[in-house]
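S.K.: Below you will find the structure I want to go over with you.
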Amino acid sequence: MALTEDNISLIGDDLIRVAGLPGPELRTLVRALRASGDWLEVVDGIEDSVVQFDPLRLRPDEAVRHLLSSKSVNEIGSDAELPEVCLEVEFGGENGPDFNSVCDELKLTKQELIAAICDAELRVDIVGFTPGFAYISGLPEALTVPRLKEPRKRVPAGSFGIAAGKCGTYALEGPGGWPLIGRVVNRLFNSERETPFVLSAGQKVRVMRWGDV
Amino acid sequence: MIEVLNAGLQTTIQAGVREGHRHFGVPGSGPADLLSMSLANRLVGADATQPVFEMTLTGASFRFHSAMIVSVTGAEAGVSLNGVEAPMHASILVSAGDELEVAPARHGCRSYLAISGRLNVSEFLGSRSTYLPGGFGGHEGRALKAGDRIEVSDVRSVDEVETPRELRPLFNDNVLLQSCPSSEFEFLNEDGQTILFEEGLKATTRSSRMGVELSGDRAVSCNAPEKQSSPVFPGSVQCPPEGKPFILLADAQTTGGYPHILQVIRSDRFQLGQIKPGARVRFVLRTPDEAADRLRARWEAYSDWLSSPVI
């Protein structure tokens, strides 16, 4: 699938929006654009993406032409799909202060809730809201709980929450409004790595239970 | 070493923009007014993105524990060294024990203090700029407070210079922002456009390094269909349902779901950090091509004075 003029629009003097592509194609294209090094920022939205260019280097029409000349998704190839990430989650306990209340609210036993999450085919929608916070979709609809009425001022790095039918992971410590049901054992952020955040938009995720509840 | 005597309303360390991590939800941060930081650093012979102090509205005061050259740019404010008036936009030689005070801004909102040495502050993801909500960069990831002491190293001797008069940005509290139409511009009705482009709006007190809220005489109505979270950038103007548009600044979130109606053009973005509560703001429409011409013209005007295009 190639990018056409219908998919792109200038939404500022240094921003081009890409929309109207099916999700997986859009994510693949976005990763290729990012890897090209031609763009200052390539940012994922849920249904669109925006690239930022250096307006002293490219005029707006040149930037549009350059974007249109990008390789099509077919040329990029399917190996551009990111490898699935397996998150080991320790459910409940000190790092999952809302685990019991979420089970009660959903009328599930602890084992049932864990099984439902581990069986789900999950995918990262976007990383945003706060640095490194990943919105992960793919939970069964029945697992919908609301956000906390009062957000917590400080949530530890690695916290694993569910809300609004999604999972959310906090790569860094920060404020957070999602009910927390556990902690991801893997490091979600490592400033020494070339890609410091482990999760990226479009990436497949599988949750595995770590330890006992 | 530099000691903070009074940090005023909010003083943070800012430096280069934290680039290339927006897709992980990491905002760029850096100074709210990139041009004024560059000009301050030029006066102390430093790279445009060397860490500086960014002060807000009320100014701040500092004590220097060793000799160095310093400079103050940005919002128009009185500057004094040991109680004696000192110039903005000029290199100032300070000695050990000297105290420098930046008074409340008369026009504009943020002032910058640069020094001819390196402030020893922490780097995070390639930048020393403070991002307050995330608690990283700068001095312990937080706003400075009275009594904070920041080590200075590599103090250089530099020629004392002044910013050429014609290159000093003048800030007043009637701000005109050239902007391109953005994704949901077409959903603004005629009255909304009248408010944005003719009547103007007032900056409210909901104002921070993340954004500035604007309030018109009436609500600005944008009847865009609900949209999913979409990327936004410094300079993005969003219009929430209650009709008070807000302009995003350096620390803004990387995605948002409100209609994105306008995008302030690159050559005007430095002004966003100088909008103080109560200022009048009016927008003017430009095409991306016109905006590119203006950016090139501005850069040409500064290219003999500044070494890299940080505007």
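Protein sequence lines correspond, in order, to chains A and B. Counting from 1, one number per residue, gives the positions in the first sequence under our numbering. Counting from 1001, one number per residue, gives the positions in the second sequence under our numbering. Ideal Cβ positions, reconstructed from N, Cα and C, are used throughout, including at glycine. None of these values were measured; they are calculated from a predicted model.
(1) Excluding the 5 residues flanking B/Arg1149 on each side, which residues of the same chain have their C-beta closer than 6 Å to its C-beta?
(2) Whose CA, out of B/Leu1295, B/Gln1014, B/Val1281 and B/Gly1134, lies closest to the CA of B/Phe1171?
(3) Short check: CB of B/Phe1062 to CB of A/Val127, under 8 Å?
(4) Which residue wins for smallest C-alpha separation from A/Trp39, given the options A/Glu150, A/Ile46, A/Ala134 and A/Leu58?
(5) Identify whether B/Leu1265 lies in helix, strand or coil by the three-state DSSP scheme.
(6) Is DSSP giving A/Leu106 helix, strand or coil here?
(7) Quick one: which chain B residues come within Cβ less than 7 Å of A/Glu47?
(8) Taking the alpha-carbon of A/Gly177 as reference, which of A/Leu199, A/Lys166, A/Glu150 and A/Ala164 has the nearest alpha-carbon?
(9) Using DSSP's beta-bridge definition, name the partner residues of B/Val1232.
(10) If you reduce the DSSP assignment to three classes, tell me which class A/Arg154 lands in.
(11) What are the partner residues of B/Ala1203, as DSSP defines its beta bridges?
(12) Could you work out which residues of chain C lie near A/Gln52, taking near to mean beta carbons separated by less than 7 Å?
(13) Under 8 Å, do A/Arg183 and A/Gly45 count as touching if we go by C-beta distance?
(14) For A/Ser191, go through chain B and note every residue whose CB falls closer than 8 Å to its CB, in chain order.
(15) Could you tell me the distance, in whole angstroms, from the CA atom of B/Asn1041 to the CA atom of B/Val1070?
(16) In whole angstroms, give me the CA-to-CA distance for A/Pro179 and A/Ser191.
(17) Pick helix, strand or coil for A/Thr169, following the three-state DSSP scheme.
(18) Measure the CB-CB distance between B/Ile1115 and B/Met1055 and report whether it falls below 8 Å.
(19) Cα separation between A/Glu173 and A/Phe133?
(20) Would you call the CB atoms of B/Ile1247 and B/Val1232 closer than 8 Å?
(21) Can the beta-carbon of B/Val1175 be found closer than 8 Å to that of B/Ile1261?
(22) What in chain A is Cβ-close to B/Asp1289, meaning under 9 Å?
(23) For B/Glu1184, which residues of its own chain have a beta-carbon under 8 Å away from its beta-carbon, when the five flanking residues on both sides are left out?
(24) Of all Cβ atoms in chain B, is any one closer than 8 Å to the Cβ of A/Ala163?
(25) Consider the Cβ of A/Thr130: report whether some Cβ of chain B lies at a distance smaller than 8 Å.
(26) Leaving out five residues on either side along the sequence, give the residues of the same chain with a beta carbon under 6 Å from the beta carbon of B/Ser1029.
(27) Work out the CA separation of B/Val1212 and B/Thr1254 for me, nearest whole Å.
(28) What number of angstroms, rounded off, separates the C-alpha of A/Leu148 from the C-alpha of B/Gln1193?
(29) Is B/Pro1133 close to chain A? Criterion is C-beta to C-beta, closer than 8 Å.
(30) With H, G and I counted as helix, E and B as strand and the rest as coil, what does DSSP make of B/His1023?
(31) Which residue marks the beginning of the beta strand (DSSP E) containing B/Val1284, and which one marks its end?
(32) Take B/Pro1133 and list the residues in its own chain whose beta-carbon comes closer than 8 Å to its own, dropping the five residues that flank it on each side.
(33) Quick check: what's the CA-CA separation for B/Val1284 versus B/Glu1290?
(34) Within the stretch 1067–1143 of chain B, note down every full alpha helix (DSSP H) run reaching 4 residues or more, in order along the chain.
(35) Is there a C-beta anywhere in chain A that falls below 8 Å from the one on B/Gly1025?
(36) Would you give the residue range spanned by the beta strand (DSSP E) that B/Gln1193 belongs to?
M.R.: Concretely, from the data shown:
(1) Met1001 and Glu1003
(2) B/Val1281
(3) no
(4) A/Leu58
(5) First, the amino acid is wrong: residue 1265 of chain B is Ile here, not Leu. The answer is coil: DSSP assigns B/Ile1265 none of H, G, I, E or B.
(6) helix
(7) Gln1228
(8) A/Glu150
(9) Paired residue(s): none; B/Val1232 is not in a bridge.
(10) strand
(11) B/Leu1214
(12) No chain C appears in this structure, whose protein chains are A and B.
(13) no
(14) Phe1124 and Leu1125
(15) 9 Å
(16) 27 Å
(17) strand
(18) no
(19) 10 Å
(20) no
(21) no
(22) Asp13, Arg59, Pro60 and Asp61
(23) Cys1222, Ala1224, Lys1227, Cys1239, Pro1259, His1260 and Ile1261
(24) no
(25) yes
(26) Arg1018, Ser1129, Tyr1131, Ala1250 and Asp1251
(27) 16 Å
(28) 38 Å
(29) yes
(30) helix
(31) Arg1280 to Leu1285
(32) Met1210 and Asp1251
(33) 12 Å
(34) none
(35) yes
(36) First-last for B/Gln1193: Glu1190 to Thr1194, but that is the alpha helix (DSSP H), not the beta strand (DSSP E).
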